[in-house]
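So the structure is just underneath, and the comments pick up after that.
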Amino acid sequence: MLSFSLVLIYNKETKKILLSKSDYQAYDRVFDFICGQRLDGETGLECAYRELQKATGLTEDDITLQHIFDFTYVLDRRRLQVFAGSINQSLGLKVLSKRDNSLLWADVGRDLCDDYEFFNGECLNHILSSICFNPKTGLFEGSDCDSGVPGRQNALLYYNYIPDAL
């Protein structure tokens, strides 16, 4: 089974998410989460940190990643592990200066489906709406946590809307 790690990097206030331009030529003009395929003998967390360092220059010393959830695509024999972390303010400038024009801080509340510059906006929105940062615990939690962000629950209703089957 092929395994991949996807990394969500939030700013200190957890109101912006860091996106990276794709390395794949077919998608070289679109932004996506930082993601990569696991190498033989590598754990999901090791892969997440490797891809994070490749895209931003950040290491385990700069940010602590938390395992959030997994997607298993049974028929495709693929597994996607999702990790998240937030950086402190001083690292924000370091991240954005790593590679010119290849990183973007996007608003978490923004609908990423309506913009051509984002790859697979529906998936991005779904993942973002499934977790929130709880400032009281300092951890990422399920979508029903008390994030302290006014209107978050209304935004979740929008993001999680699934139209009736045809």
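First residue of the sequence shown? That's 1189 in the numbering used here, and the numbers climb one at a time after it.
All residues carry an ideal CB built from backbone N, CA and C; glycine is no exception.
None of these values were measured; they are calculated from a predicted model.
- For V1296, same chain residues with a beta-carbon under 8 Å away, outside a window of 5 residues either side, are Y1198, T1202, K1203, K1204, I1205, L1316 in chain order.
- The criterion of a C-beta distance shorter than 8 Å is satisfied by E1239 and V1195.
- Shown here, R1265 sits in coil according to DSSP, grouped into three states, outside any helix or strand.
- Of the residues assessed, G1232 falls on the buried side of the cut-off, its CB having 16 or more other CB atoms within 10 angstroms.
- Looking only at C1223, S1191, L1190, L1291, the smallest Cα-Cα distance to A1272 is reached by C1223.
- Between V1218 and the set L1207, H1255, F1259, the nearest pair of CA atoms involves L1207.
- Residue state for G1229 is assigned as coil, using DSSP reduced to three classes.
- Residue pairing by DSSP places A1272 opposite L1196, Q1254 in a beta bridge.
- Secondary structure at K1209: strand, using DSSP grouped into helix, strand and coil.
- Taken atom to atom, the span from the alpha-carbon of D1249 to that of K1242 is near 15 Å.
- Around the Cβ of D1258, a 10 Å sphere holds fewer than 16 other Cβ atoms; the residue is exposed.
- Take H1255, set aside five residues on each side of it, and the residues of its chain with a beta-carbon closer than 8 Å to its own are G1232, L1233, Q1269, V1270, F1271, in chain order.
- With respect to the 8 Å criterion, K1200 and S1274 are classified as neighbours on the basis of their beta carbons.
- Just measuring C-alpha positions, the residue of L1291, L1292, L1190 sitting nearest G1229 is L1190.
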